[in-house]
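This report refers to the structure that appears directly beneath it.
Numbering (UniProt numbering), first residue to last: 1 to 774.
What follows is the structure, given as structure tokens:
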């Protein structure tokens, strides 16, 4: 087994380098063992030059009887354990009309425990693809979804060899969640992004490699059969990339030497700072493997797979790999799947602070096998902005709730944040510092370019829903704005400047702005074969809000219309009482369905959490329903006072929700339209100087002094019914110048919080509270 372990580790490093060439600056994560196992099943049927090339790339040349060693390795990995879950599974999907050699099928079953599943690639290729994906999901506890994309399996496919690996383990020494704090992660010398940094001080196997200026830490899982090993190069002082240098110098012998327990200090307490992180990485490996020298197996005229079938013409068309890892205080969850289609140095200090890029891998210690290999260069660019916007959303929610504790609420934190961010772009001095703090932008580097990426992601066309985010500037035609400010708003917010006559025709300008907002938030409804246009946000700016002293209006509008993944049947909708409180009930139209939805019951907070996905699952409505109170107290108010972003993220994590239980859902149909003047609230939150003509510094917009914000107006609309949800919101910022059970029941028949989340970016688009019909 030692020879195979070494071969797989050599292949892991070679593949890591090849993948890194096309992705030097990003995060990486893959399972070399999963890829190696899938390709090894192909190699079992390869002959001639095809076999020689595969043998060389997979580093099998020095391993006798590779396949029986794989059988031993699989058995060792799959040996049952109460302390962790680790499994490696293989399966072959073959075209039902194609003749495979019985000896090949016998060998894959005996050596790889991979049985043949006959499928109809020719007549039902997409159904076959879905069947394969379903098996992978089951093997990886739903962590690896849609491994094989539409079009990868066709009527020409004859064989799909699939490997899946799944691991879930708890740390031997757990991190305490109370010690986790927000800290900056140093992407490079100039860029910082915020992470949730875990902390503990314990004795861990540790090595300081002097000549490579490298720290090596081993974090064992319970029973110590598996470990995470982290290679953390020292920070650079000259602007170079120390991780890149480490990657170029890394060899398997060095890796073994650095991580050998005999070479590590196990008696010193180490102060460990390690970020919580989650990665999901998808890779198409065909081109990479060909670049590494495995070329003929991918060519129909050269591939020799006659050990699989006596019929010629078989070749490998694709190798798809997808891997997932979640590292938190409890331990690690990791999964991956691959489809082949067709000299000890004294410890200098006791701190191990992983606040800059590092390599990590998960090793199976009894066999010395690298199960997973990764690189963490920091949270994705959008993650920081998403967190900032969510923090601002909750802060604003609390501020608005103070003056409206008993009423319904609905707003778009993203629309408000985007509009204010355009002001922040032109703010300087104390004005900028205050805005940065209130908007939680301090920990986000290059906020504006991240907003541009976020808007591009949100505005991506989709056939399953409508979602658009739009910005525009309206400027007094005689006022001089800095060209660089206008260029930046156009480039970063796609907000062009519309010149208007605020001085001479302020009300006409107001109507022009309102008309644009209406157009951005309109929906089409078909009635008797005629389309009727219905505007969702009308009269955003009321008469008198704009006057001759107005110089600039920054407007953002967001519109969403989506259909539930599982629609409610109209005939199930009934009138039911909605319990406003213990003494007051009001009738609502209550929708009903029984379906498997992501659901979580959190007894310690007396709370139920339900996710209702829209079609394609890129957007979801999440509902936080506190249990009914028996003592007359307000459980929703209690929930609001205890709610933090970390709790919200934890409660609504898919992997912590039950996915396989029927939920009886009762949800009222409702429609809300809420208008809010935000100036006073934002000043209370700490954004004061930008509203004061004598203190405001908006010199990044214009060299003419005296610009300040006179008003921030927000209006939001939502309609929830059996088909799905329609929501819209708009924000305008006015800048003036002073010279001028077996199943669970989720019954939302009492007040609840809800929000609409864009899942790919984890962004809260809309946030609301429903206390009942007016």
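Yeah, the Cβ is synthetic: ideal placement off N, Cα and C, and Gly gets one too.
Residue environment, residue i, which counts as buried when at least 16 other CB atoms sit within 10 Å
{"i": "residue 649", "result": "exposed"}
{"i": "residue 225", "result": "buried"}
{"i": "residue 304", "result": "buried"}
{"i": "residue 256", "result": "exposed"}
{"i": "residue 56", "result": "exposed"}
{"i": "residue 668", "result": "buried"}
{"i": "residue 741", "result": "The predicted position of residue 741 is uncertain, since its pLDDT is 41 and thus under 50; a value taken from the coordinates is nonetheless stated next. Exposed is the call here."}
{"i": "residue 311", "result": "exposed"}
{"i": "residue 750", "result": "buried"}
{"i": "residue 313", "result": "exposed"}
{"i": "residue 413", "result": "buried"}
{"i": "residue 99", "result": "exposed"}
{"i": "residue 163", "result": "buried"}
{"i": "residue 16", "result": "buried"}
{"i": "residue 421", "result": "buried"}
{"i": "residue 574", "result": "exposed"}
{"i": "residue 487", "result": "exposed"}
{"i": "residue 351", "result": "exposed"}
{"i": "residue 284", "result": "exposed"}
{"i": "residue 21", "result": "exposed"}
{"i": "residue 591", "result": "buried"}
{"i": "residue 80", "result": "exposed"}
DSSP beta-bridge partners of residue i
{"i": "residue 786", "result": "An answer regarding residue 786 cannot be provided, because it is not within the stretch 1 to 774 covered by the chain."}
{"i": "residue 327", "result": "277 and 332"}
{"i": "residue 491", "result": "Its beta-bridge partners do not exist; DSSP assigns none."}
{"i": "residue 447", "result": "According to DSSP, which records beta bridges pairwise, residue 447 is partnered with nothing at all."}
{"i": "residue 763", "result": "758"}
{"i": "residue 339", "result": "162 and 320"}
{"i": "residue 375", "result": "28 and 359"}
{"i": "residue 353", "result": "273"}
{"i": "residue 227", "result": "220 and 363"}
{"i": "residue 726", "result": "561 and 719"}
{"i": "residue 744", "result": "663"}
{"i": "residue 768", "result": "410 and 754"}
{"i": "residue 233", "result": "214"}
{"i": "residue 658", "result": "599"}
Run of the beta strand (DSSP E) containing residue i, from where it starts to where it stops
{"i": "residue 550", "result": "550-563"}
{"i": "residue 616", "result": "That residue, residue 616, is in no beta strand (DSSP E); it is neither H nor E in DSSP."}
{"i": "residue 94", "result": "84-95"}
{"i": "residue 519", "result": "Residue 519 -> not in any beta strand (DSSP E); alpha helix (DSSP H) instead, spanning 506-520."}
{"i": "residue 497", "result": "497-500"}
{"i": "residue 438", "result": "Unbroken run through residue 438 is the alpha helix (DSSP H), 429-438; no beta strand (DSSP E)."}
Cβ-based neighbour list, residue i, same chain, cut-off 6 Å, excluding 5 preceding and 5 following
{"i": "residue 196", "result": "180 and 276"}
{"i": "residue 323", "result": "29, 30, 31, 281 and 336"}
{"i": "residue 85", "result": "168"}
{"i": "residue 530", "result": "Unreliable positioning characterises residue 530 in this predicted model, as indicated by a pLDDT of 36, which lies under 50. The coordinate reading is nonetheless provided below. So the list is empty, once near-sequence residues are dropped."}
{"i": "residue 201", "result": "269 and 271"}
{"i": "residue 87", "result": "78 and 166"}
{"i": "residue 718", "result": "410, 672 and 727"}
{"i": "residue 745", "result": "664"}
{"i": "residue 325", "result": "29, 279 and 334"}
{"i": "residue 143", "result": "324 and 335"}
{"i": "residue 116", "result": "92, 94 and 105"}
Residue range of the unbroken alpha helix (DSSP H) whose run includes residue i
{"i": "residue 102", "result": "102-112"}
{"i": "residue 413", "result": "413-424"}
{"i": "residue 577", "result": "It is not in any alpha helix (DSSP H) - residue 577 instead sits in the beta strand (DSSP E) that spans 574-579."}
{"i": "residue 56", "result": "48-57"}
{"i": "residue 676", "result": "First-last for residue 676: 670-677, but that is the beta strand (DSSP E), not the alpha helix (DSSP H)."}
{"i": "residue 17", "result": "2-21"}
{"i": "residue 77", "result": "66-77"}
{"i": "residue 635", "result": "635-642"}
Residues near residue i in its chain [Cβ-Cβ closer than 8 Å; skip 5 each side]
{"i": "residue 408", "result": "672, 674, 768, 769, 770, 771, 772 and 774"}
{"i": "residue 438", "result": "392, 395, 682, 685, 686 and 687"}
{"i": "residue 581", "result": "632 and 634"}
Beta-carbon proximity list for residue i, same chain, < 7 Å, skipping 5 on both sides
{"i": "residue 512", "result": "500"}
{"i": "residue 490", "result": "496"}
{"i": "residue 250", "result": "13"}
beta-carbon residue i near the ligand PLP non-hydrogen atom, thresh 8 Å
{"i": "residue 165", "result": "Of ligands this structure carries none, so the ligand PLP is not represented either."}
Subject >> Start-end ranges of the beta strand (DSSP E) lying completely within the segment 456-483, minimum 3 residues >> reply: The segment 456-483 is shown to contain whole beta strand (DSSP E) runs of 3 or more residues at 465-476, in chain order.
**OP:** With a floor of 4 residues, list each alpha helix (DSSP H) that falls wholly inside the segment 120-202, ordered by position along the chain.
**Re:** Entirely contained in the segment 120-202, the alpha helix (DSSP H) runs reaching 4 residues are, in chain order, 125-139.
Original post:
What are the complete alpha helix (DSSP H) segments, minimum 4 residues, inside the segment 241-307?
Top reply: Those alpha helix (DSSP H) runs which fall completely within the segment 241-307 and span 4+ residues are 242-249, 252-259 and 286-291.
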